[in-house]
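Below you'll find the structure, written out as structure tokens, and then a few comments.
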Ligand SMILES: Cc1ncc(COP(=O)(O)O)c(C=O)c1O
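In the working numbering, the protein residues as written are 612 to 1101.
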């Protein structure tokens, strides 16, 4: 179960305040053949050195002080497992950046991309094209209610950006309300809507964005003691923000249906319904950002399906095709599409609905259906991660809370269970973040690539991970959390 060779965790990329992780498993439970990658694990350390040298000289990496990182050259992956050029294998407990829902190298998706490449690699968005129209139809079929029309983008930020633009244009208003503890992307408007420290260096950003607090009972902004109190008070707070900003000024409310990077915050029963009611009452466009929570991550096609809430716009990316080729988009209700029936929509992208990306999306949605991915994600949630993480809670006093659903889980680490003081401070970096670095290092040393953010470890592997590998990942976390326990001050 140990990696065939171990990496030095001190040589790995620093824990960044962003979605940087990966996990892996060998074979998914469902229908994958054994690895067929041309690279044999451990085959070529010299190639790894060459890649590292070129990378360090010429690649400028996201969110990083360029001299503070040492990106690991990756040779290949299969299912929920990837490996480097030294022969180290890692179970990817972060699905790369929580996008690899279908796992590495699914043969059906690889084949679909190859077939589309033979047929037609690219075509301008102004044409109708087979893979694009098929992907749009299939996404409309699985989307809730009358969200039947898709505007394709290249990723999540462009999706949230365009959703805000649509909300403004259809309402004729300009303000967008967005939650603290959120991430909506790194382009100008998307980063302004983001409710975490990644926004700060880009301010002042897009005018008209106002932030509010969403529900988070464990660290309640409303002194609530129960889920019901948290729900009622968070909704009262949101109503107050709307009233103080001027309801007739507010175009849209954007929120992550289940907050992802900022903590896997599952809304209490009634919250999303309450947001929907406020939007209806004030004529505000409700935007559910499902870039991370959608496409099976929460055990349903879309996370909103858990609450039977129908937003006006859903943004998606990541899991739509697991990032085999970049793709994102906005799914809109017919009424929003109709608003642009006789006037042009003032937005577009050269690669909107790229044929290779759309072919990958079609194949991925088919795989979800054929291989029972949603059912598998649900059963991993209720049968493995839910009980498995609770068992870890019983064994580790550094765990303040575990929470999640489907294959979307967080372990919140604390110095003290009574005071709930975070294991590392909010937005910690450098020496302040050392305890989390140590936990991450302990995971990697044991062959688990975790997803870490602030004082949390997220368990978010590909949805195709086998039960056996999920349990193996939890067993590694069990060992690594011993490191976190050593920082507890009780
Ligand atoms: C909820 C959410 N929205 C938007 C984005 C931005 O997506 P992208 O990185 O594809 O631009 C992310 C990325 O992590 C996300 O998690």
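Glycine is no exception: its CB is placed at the ideal position from the N, C-alpha and C atoms.
Whole-number beta carbon distance between residue j and residue i, since they are thought to touch under 8 Å
i            : j            : result
residue 562  : residue 942  : A query on residue 562 cannot be resolved here, the shown segment of the chain reaching from 612 to 1101 and no further.
residue 742  : residue 1035 : Residue 742 to residue 1035, Cβ: 45 Å. No contact.
residue 702  : residue 992  : Not really, about 18 Å apart at Cβ, beyond 8 Å.
residue 763  : residue 963  : 5 Å
residue 967  : residue 727  : 5 Å
residue 939  : residue 766  : 4 Å
residue 1063 : residue 1007 : At roughly 16 Å, the Cβ-Cβ gap does not stay under 8 Å, so residue 1063 and residue 1007 are not in contact.
residue 1023 : residue 1015 : About 11 Å; that fails the 8 Å criterion.
residue 883  : residue 853  : Not a contact, Cβ separation roughly 16 Å.
residue 926  : residue 1053 : Contact flag wrong, Cβ pair sits at about 35 Å.
residue 797  : residue 768  : 6 Å
residue 557  : residue 978  : The question about residue 557 has no answer, for the chain in this structure spans 612 to 1101.
residue 893  : residue 858  : 4 Å
residue 761  : residue 750  : 5 Å
residue 971  : residue 936  : 5 Å
residue 808  : residue 1038 : 5 Å
residue 1107 : residue 803  : Since the first residue of the chain shown is 612 and the last is 1101, residue 1107 is not available in this structure.
residue 656  : residue 722  : No, residue 656 and residue 722 are not in contact; Cβ-Cβ is about 31 Å, not under 8 Å.
residue 918  : residue 985  : Going by Cβ atoms, the distance from residue 918 to residue 985 rounds to 16 Å, so no, they are not a contact pair.
Contact check, residue i vs residue j, beta carbons under 8 Å
i            : j            : result
residue 1021 : residue 1013 : yes
residue 944  : residue 758  : yes
residue 825  : residue 770  : no
residue 772  : residue 800  : yes
residue 868  : residue 914  : yes
residue 866  : residue 916  : no
residue 793  : residue 870  : yes
residue 559  : residue 665  : Because the chain spans 612 through 1101 in this model, residue 559 falls outside it and cannot be assessed.
residue 1019 : residue 875  : yes
residue 1080 : residue 691  : yes
residue 934  : residue 710  : yes
residue 1009 : residue 1065 : no
residue 1137 : residue 705  : Missing from the structure shown is residue 1137; the chain here goes from 612 to 1101 and no further.
residue 879  : residue 841  : yes
residue 776  : residue 1017 : no
residue 672  : residue 680  : yes
residue 1050 : residue 1076 : no
residue 733  : residue 965  : yes
Near ligand 3: residue i beta-carbon under 7 Å from a heavy atom
i           : result
residue 777 : This structure does not include ligand 3; its bound ligands are ligand 1.
For this session: Report yes or no: do three or more beta-carbon pairs, one from the segment 710–726 and one from the segment 1065–1074, lie closer than 8 Å?
Result: yes
Problem set entry | Within the segment 790–873, ranges of the alpha helix (DSSP H) (whole runs, at least 4 residues) | 799–804, 838–856
Exercise. Touch check for the segment 851–865 and the segment 771–785: three-plus C-beta pairs under 8 Å?
Worked result: yes
Exercise. When the Cβ atoms of the segment 920–936 are set against those of the segment 903–912, are three or more pairs found closer than 8 Å?
Worked result: yes
For this session: Mind the definition here: the segment 1053–1068 touches the segment 1084–1098 only if three or more C-beta pairs lie below 8 Å; say whether that holds.
Result: yes
Exercise. Is the segment 1034–1052 touching the segment 990–999 in the sense that three or more CB pairs, one from each, lie closer than 8 Å?
Worked result: no
Problem set entry | Stretch-stretch touch, CB-based, cutoff 8 Å, three pairs: the segment 835–853 with the segment 809–825 | yes
Problem set entry | Contiguous alpha helix (DSSP H) assignments of at least 4 residues, all confined to the segment 875–925 | 882–893
For this session: At 4 residues or longer, and completely inside the segment 920–961: list those alpha helix (DSSP H) runs for me, N to C.
Result: 945–949
For this session: Please specify which runs of the beta strand (DSSP E), each continuous and at least 3 residues long, are wholly inside the segment 699–766, giving them in chain order.
Result: 700–703, 758–764
Exercise. Which ranges does the beta strand (DSSP E) cover as unbroken runs of at least 3 residues, wholly within the segment 973–1039, from first to last along the chain?
Worked result: 1010–1016, 1019–1024
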